[in-house]
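Each remark here refers to the structure printed beneath this line.
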Amino acid sequence: MKFSVGWLYPDLMNIYGDRGNILTLLKRAEWRGYEARLIELGRGTTKGMDEVDIFFFGGGQDREQALVYEDLLEHKLPPLERAVAAGARVLAVCGGYQLLGHYYQTAEGERFPGIGLIDVRTRAGNRRFIGDVIVDADLTDIEPTTLVGFENHSGRTFLGPKASPLGRVRAGFGNNGEDHTEGCLQGGVLGTYLHGSLLPKNPHLADHLIRAALRRRGITDLATLDDSTEIAAHEKILARSRR
Amino acid sequence: MRRAAAVWAGKATGALSRISRIGGGTTLPGDVARAIDPDVLRKLSRDLAQGAIVITGTNGKTTTARLISWLLEGAGYSVVSNRAGANLIFGATAAALERAGANGRLQADWGVFEIDEASLERAVDEIQPRATIVLNLFRDQLDRYGELETIAKRIESALTRLPAESRAVLNADDPRVAEIGMNLKSNPLWFGLDDISVAARELPHAADARTCPRCGASLLFDAVYVGHDGVYRCPNGDFVRPAPELAATNIELNGFDSLAMDVSGVRIELPLGGLYNAYNALAAFATGTALGLDGAFIANRFRSFRAAFGRQERLEAKGRRLNLVLSKNPAGFNETLRTAIDLAGGHFFLIGLNDRRADGTDVSWIWDVDFEHLRGRARVVVPAGNRAEDLAVRLKYAEVDAMPPESNPGRALDAVIEATPEGDTAHVLCTYTAMLDLRAELVRRGWAKSYWET
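For the record, the sequence lines run as chains A and B.
Take the working numbering: the final residue in the first sequence is number 243, and no numbers are missing along the way.
Take the working numbering: the final residue in the second sequence is number 454, and no numbers are missing along the way.
Here it is in structure tokens:
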């Protein structure tokens, strides 16, 4: 059984240690006996996009984000839409999350367009949200139901009617610091501000994504793994916030 | 008058802080004195008979500053410098205060200050250095510093405001540092490595400056030395590594023990290991020659150099050797891992990760470190520090067989000592405050001196 992770712009959109998400997806598939492989999707290439089960799109610096935007529109968007329609999943973090939305509006009111794959809009805030985040997730198939991570963003993201939140923040700021929501879910795309990396400390979310992506291949259940190491790191963040 | 009051208040604070054992008085006196006279560092810097040198960059500041001080002291000058990584403006002020006399005047020939990238603009403005060294720019503590671009722009603005006679000494191998240098009006003094035999084949995952600043194309690397530092060019010819005036060739690396290289016809031997220390030594050599020191004198002086606190310290513990190396960001960590495993043949490791302010409160960066390098090579790895659990997860996904996480420094130390055979070396790689915690434990057990005595 093949399992493919497609990493969008691994050389440019990789600033916050988000590689942990890639490693977690690959290893958790490998440990279950799947033939896991990574497809790197740099600028100018679309090779292998049709085979991808889960796309990952991380954050970059402004300079890099400007470079990938054009390539995203020109090369990646049509095959990405096709793949998602066919049941592939997308995990987008921070800058990647913002770029999949309609636009990013600067403090001066200038709008940088996103690719509009998800119904979210982001505008610049005057203060950076930095720190640990705990989310009570709106997903029904994960145990525990909490997600933990670290946020570091000045963008304020607001969801439109087609997107629903990934969950509600118990600690931290989340999407915008106003409506207590964090992240978004829309048609196979999961957008979030959580670094940490996100998936290593939330193995239940990693499995949720793998399960959802493999459903189209007839897989409905995943073999159980020993997650005690991962859950200990998860619990550490929960315990700190209770102090 | 105000300056004298500031100096006295600062000095008194320093003495109190040392007596009361609150951290060796390395920065608090600076806070106090600056509150009384905000211009105290500017005034003290003007007292320096020869002038000041400022060192910045992500990795290597402390070692390079110590190398330069060592050279100047060897040439008969008195030097004031901020020690022990106290590299914010308060640390530099505290260092100057400590050496100020009863009249509130600073009595020293040279000031050698390592300055945190984020404090550079203000520090350079107040200190007015004769030379500013920029070692490298890697991703580091994004929660505190912001992104690399922000830091790079601040450094450029600091250098742009310097008077024409002040020299910028820059690493030509770092694309982001080179870009800064090319935008300056005066000519920088470029240094770089020229020895393909010590180069890696490809960029590590955590490389940052990968694209041409002019056309955005991915840079081509003919050699990769440390992080994204190497020999690079834009495929469209829009940007190319500046030719280094001071280039290191024939580099020889001998574990953590020593390195040797040729620079300007002089063979340099240094009792410090790791390719990153070749850069530090080269930067110090470049600065020394720019200040008129003789190459042969520098080479001779380097031979008797000693490393700074936790930068590369060796201790004895129950018949085992402990090799302490500060490792605090992906580029630095990858290099210490590479040195410990490939060059020093290390098998036993304690890795300490803390998430206090000085370490960076976001530990995401451990996923950018190539811990996979330990797989199949390390026999024992003890994950330590207050985020030992995160480290344990990272090691699990690198498929490195590790011991259970141990947040208590004493117990972590016991675990690694017990697992290391007598006569063998345990490599202790820690973030800043994790190293402080561990060292405090070593001092308590009588295995190390307190850091303000080193």
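Glycine included, each C-beta is placed from N, C-alpha and C at the ideal position.
Being a predicted model, the structure only gives us computed values, none of them experimental.
Reduced DSSP category for P175 (chain B) - H, G, I as helix; E, B as strand; rest coil:
helix
Could you pull the start and end residues of the beta strand (DSSP E) that M261 (chain B) belongs to?
258-263
How about A102 (chain B): is its C-beta nearer than 7 angstroms to some C-beta of chain A?
no
Straight-line Cα distance separating A92 (chain B) from D455 (chain B):
No answer is possible for residue 455 (chain B): it lies beyond the span of chain B, which begins at 1 and ends at 454.
Decide if the stretch 206-223 of chain A is in contact with the stretch 68-75 of chain B; the criterion is three or more beta carbon pairs, one per stretch, under 8 angstroms apart.
no
Length of the line joining the Cα atoms of E114 (chain B) and N183 (chain B)
23 angstroms
Comparing the C-beta of K396 (chain B) with each C-beta of chain A, is any distance below 7 angstroms?
yes
Under three-state DSSP, which class holds I36 (chain B)?
helix
For A95 (chain B) versus V80 (chain B), is the C-beta spacing smaller than 7 angstroms?
yes
In chain B, which residues lie with their C-beta within 8 angstroms of the C-beta of H195 (chain A)?
D362, S364
Could you say which of B:E399, B:L391, B:A344 lies nearest to P405 (chain B) if we only look at CA atoms?
B:L391
On the premise that T224 (chain A) lies in contact with K396 (chain B), defined as a C-beta separation below 8 angstroms, what is that separation, rounded to the nearest angstrom?
Not confirmed; about 16 angstroms, so no contact.
Spatially closest choice to D62 (chain A) from A:T24, A:H153, A:G17, by CA coordinates
A:H153
Would you call the CB atoms of N334 (chain B) and F256 (chain B) closer than 7 angstroms?
no
Any C-beta of chain A under 7 angstroms from that of A456 (chain B)
This structure leaves residue 456 (chain B) out entirely; chain B is present only between 1 and 454.
Is G109 (chain A) helix, strand or coil when you go by DSSP?
coil
By a C-beta neighbour count over all protein chains shown, 10 Å radius and 16 as the cutoff for buried, is A412 (chain B) buried or exposed?
buried
Could you tell me whether the Cβ of E165 (chain B) comes closer than 7 angstroms to any Cβ of chain A?
no
Under 7 angstroms from the C-beta of Q98 (chain A): neighbouring residues of chain B:
Result: empty, since nearest Cβ-Cβ is about 14 angstroms, beyond 7 angstroms.
Quick one: does T454 (chain B) have its CB under 7 angstroms from some CB of chain A?
With a pLDDT of only 45 at T454 (chain B), under 50, the local geometry of the prediction cannot be trusted, and the value read off the model is given with reservation. No, its Cβ sits nowhere closer than 7 angstroms to a Cβ of chain A.
Below 8 angstroms on C-beta distance, what does E230 (chain A) contact in chain B?
V393, K396
Using the beta-carbon of each residue, which ones in chain B are nearer than 7 angstroms to Y16 (chain A)?
L142, S364
Check distances from the C-beta atoms of the stretch 151-165 of chain A to those of chain B and list, in chain order, the residues that come in under 8 angstroms.
N152
Taking only beta-carbon atoms, is L23 (chain A) less than 7 angstroms away from chain B?
yes
So, does the CB of E316 (chain B) fall closer than 7 angstroms to a CB anywhere in chain A?
no
Taking DSSP as the reference, what is the three-state secondary structure of W447 (chain B)?
coil
Within this structure, are the beta carbons of R43 (chain A) and D71 (chain A) separated by less than 7 angstroms?
yes
What residue range is occupied by the uninterrupted beta strand (DSSP E) comprising W367 (chain B)?
Unbroken run through W367 (chain B): none, as it is neither H nor E.
With distances taken between CB atoms, is the gap from S197 (chain A) to G17 (chain A) smaller than 7 angstroms?
yes
Reduced DSSP secondary structure (H/G/I, E/B, other) of N280 (chain B)
helix
Using DSSP with H/G/I as helix, E/B as strand and the rest coil, what is H195 (chain A)?
strand
Measure the C-alpha to C-alpha separation of N175 (chain A) and R89 (chain A) and round it to an integer number of angstroms.
21 angstroms
Using the C-alpha atoms, what's the distance from I417 (chain B) back to A317 (chain B)?
8 angstroms
Closest by C-alpha distance to G96 (chain A), when choosing among A:L67, A:A86, A:A83, A:G87
A:L67
If the cut is a Cβ gap below 8 angstroms, which residues of chain B does R63 (chain A) touch?
E149, T211
Secondary structure at L253 (chain B), three-state DSSP: helix, strand or coil?
strand
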